[in-house]
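Protein chains: 2
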Amino acid sequence: MITGVNHIGIAVESIEQTMQALASFGAQELDRKAYPELGQTSCMVRIGDGLLELMEPIGTQGVVPKFLASHGQGLHHISLLTDDLAREAAALAGRGIRVLGNPNGESRVVFTHPKDTNGVIYELTDIPFSQ
Amino acid sequence: MITGVNHIGIAVESIEQTMQALASFGAQELDRKAYPELGQTSCMVRIGDGLLELMEPIGTQGVVPKFLASHGQGLHHISLLTDDLAREAAALAGRGIRVLGNPNGESRVVFTHPKDTNGVIYELTDIPFSQ
Numbered sequence: 768m769i770t771g772v773n774h775i776g777i778a779v780e781s782i783e784q785t786m787q788a789l790a791s792f793g794a795q796e797l798d799r800k801a802y803p804e805l806g807q808t809s810c811m812v813r814i815g816d817g818l819l820e821l822m823e824p825i826g827t828q829g830v831v832p833k834f835l836a837s838h839g840q841g842l843h844h845i846s847l848l849t850d851d852l853a854r855e856a857a858a859l860a861g862r863g864i865r866v867l868g869n870p871n872g873e874s875r876v877v878f879t880h881p882k883d884t885n886g887v888i889y890e891l892t893d894i895p896f897s898q
Numbered sequence: 768m769i770t771g772v773n774h775i776g777i778a779v780e781s782i783e784q785t786m787q788a789l790a791s792f793g794a795q796e797l798d799r800k801a802y803p804e805l806g807q808t809s810c811m812v813r814i815g816d817g818l819l820e821l822m823e824p825i826g827t828q829g830v831v832p833k834f835l836a837s838h839g840q841g842l843h844h845i846s847l848l849t850d851d852l853a854r855e856a857a858a859l860a861g862r863g864i865r866v867l868g869n870p871n872g873e874s875r876v877v878f879t880h881p882k883d884t885n886g887v888i889y890e891l892t893d894i895p896f897s898q
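Chains as they are written, first to last, in my numbering: chain C, 768 to 898; chain H, 768 to 898.
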């Protein structure tokens, strides 16, 4: 079952520059981690009662550098919380929706193929963000 | 002050088709309204503890038909709730962020220019969705 919206993912050229614009909304940086192996730095940001994940590229390989090269900055994915990642992934696959990633893996995230979910990438995870 | 995330706006070719995919997530349609003068039908959808606005085109004129023609289906905007729309809009303008729409108008929404907010369109409103 989907229990909530975890965060909204945004691809940005610069976390610093984006935080300057988001400061107008009273947004607050909560956490920042570099994932060189994925080609991105992720910055979790509180905005109102919601969460954003700002994703800044590291190098030229990985989802974020490639997204920026082809689309430019902008909205990237919606992250949904589920109480059972493996069951959710299996249910999606059973409805013909391609699921990328291993629902039993350590990362605890999978993604839908946007061509199967009307242009939107949905991330599914069973680990809510906590500071 | 920004008090919350109101919804996430998604441009779609077909609300019906999108709801079929979203049914996998237990999403539930709450409300649907046609705005021929804006060139769109809006469908509010509950997903977990969050809200989506599915925007389907009517005709070829308006924000949604034009977005679909240039970008295809996908994430369109983040709607934020504020407790003072006019003050929020003035604060944004004071920081050099272009604000589109009339913060004192009847529609109770304004939008940021995505070039000034790192590729993301933020909608601001002081009216939370209620069914």
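For glycine and all other residues, C-beta sits at the position ideal for the given N, C-alpha and C.
What you are looking at is a predicted structure, and each value in this text was computed from that prediction instead of being measured.
Residues of chain C with a CB under 7 Å from the CB of residue i: which are they?
| i | result |
| --- | --- |
| V887(H) | I777, G841 and L842 |
Would you kindly report the start and end of the unbroken beta strand (DSSP E) that includes residue i?
| i | result |
| --- | --- |
| K800(C) | Q795 to Y802 |
| H890(H) | The sequence given here has Glu at residue 890(H), not His. E890(H) -> beta strand (DSSP E) spans I888 to T892. |
| N871(H) | No beta strand (DSSP E) holds N871(H); DSSP gives it neither H nor E. |
| T732(H) | Past the boundaries of the shown model lies residue 732(H); chain H is included only from 768 to 898, so the question cannot be answered. |
Which whole-angstrom value describes the C-beta separation of residue i and residue j, a residue pair presumed to lie in contact below a C-beta threshold of 8 Å?
| i | j | result |
| --- | --- | --- |
| N773(H) | S874(H) | Contact doesn't hold; Cβ gap of about 14 Å is too wide. |
| T903(H) | D893(H) | For residue 903(H) there is no data in the structure shown, the boundaries of chain H being 768 and 898. |
| M822(H) | I769(H) | Wrong, their Cβ atoms sit about 22 Å apart, outside the cutoff. |
| S837(C) | E820(C) | Going by Cβ atoms, the distance from S837(C) to E820(C) rounds to 19 Å, so no, they are not a contact pair. |
| E780(H) | L852(H) | Contact flag wrong, Cβ pair sits at about 31 Å. |
Just to make sure I have the definition right: I need the residues of chain C whose C-beta is within less than 8 Å of the C-beta of residue i. Which are they?
| i | result |
| --- | --- |
| Q864(H) | The question names Gln, yet the displayed sequence has Ile at residue 864(H). Within 8 Å Cβ-Cβ: A788 and S791. |
| Q828(H) | Going along chain C, no residue has its Cβ under 8 Å from Q828(H), so there is no contact; the nearest lies around 21 Å. |
| V831(H) | Correct list: empty, because the minimum Cβ distance to chain C is about 13 Å. |
Could you check where the alpha helix (DSSP H) with residue i kicks off and where it finishes?
| i | result |
| --- | --- |
| A788(H) | I782 to L789 |
Interface residues of chain H around residue i at Cβ under 7 Å?
| i | result |
| --- | --- |
| M822(C) | Ordered by position in chain H, no residue passes the 7 Å Cβ test against M822(C), which lies about 11 Å from the chain. |
| L859(C) | S791 |
| T884(C) | A788 |
| I769(C) | F792, G793, I814 and G815 |
| T785(C) | N885 |
Applying a beta-carbon distance threshold of less than 9 Å, which residues of chain C neighbour residue i?
| i | result |
| --- | --- |
| L847(H) | F792, I814, G815 and G817 |
| V877(H) | Under the 9 Å cutoff, chain C gives no residues; its nearest Cβ is about 13 Å from V877(H). |
Measuring only from the beta carbon, is residue i closer than 8 Å to any heavy atom that is part of the ligand FAD?
| i | result |
| --- | --- |
| G861(C) | The ligand FAD is not part of this structure, which contains no ligands at all. |
>> Report the start-end ranges of each alpha helix (DSSP H) in the stretch 794–856 of chain H that is 4 residues or longer and not cut off at the edges.
In response: As far as the stretch 794–856 of chain H is concerned, its whole alpha helix (DSSP H) runs of at least 4 residues are 830–838.
> Are there three or more Cβ pairs, one per stretch, closer than 8 Å when the stretch 880–888 of chain H is compared with the stretch 776–785 of chain C?
Replying inline: Result yes; three or more Cβ-Cβ pairs closer than 8 Å.
>> Count Cβ pairs between the stretch 843–862 of chain C and the stretch 791–800 of chain H that sit closer than 8 Å; are there 3 or more?
In response: Verdict: yes, contact present.
> Would you say the stretch 801–813 of chain C touches the stretch 827–842 of chain C, given that touching needs at least three Cβ pairs under 8 Å?
Replying inline: Result yes; three or more Cβ-Cβ pairs closer than 8 Å.
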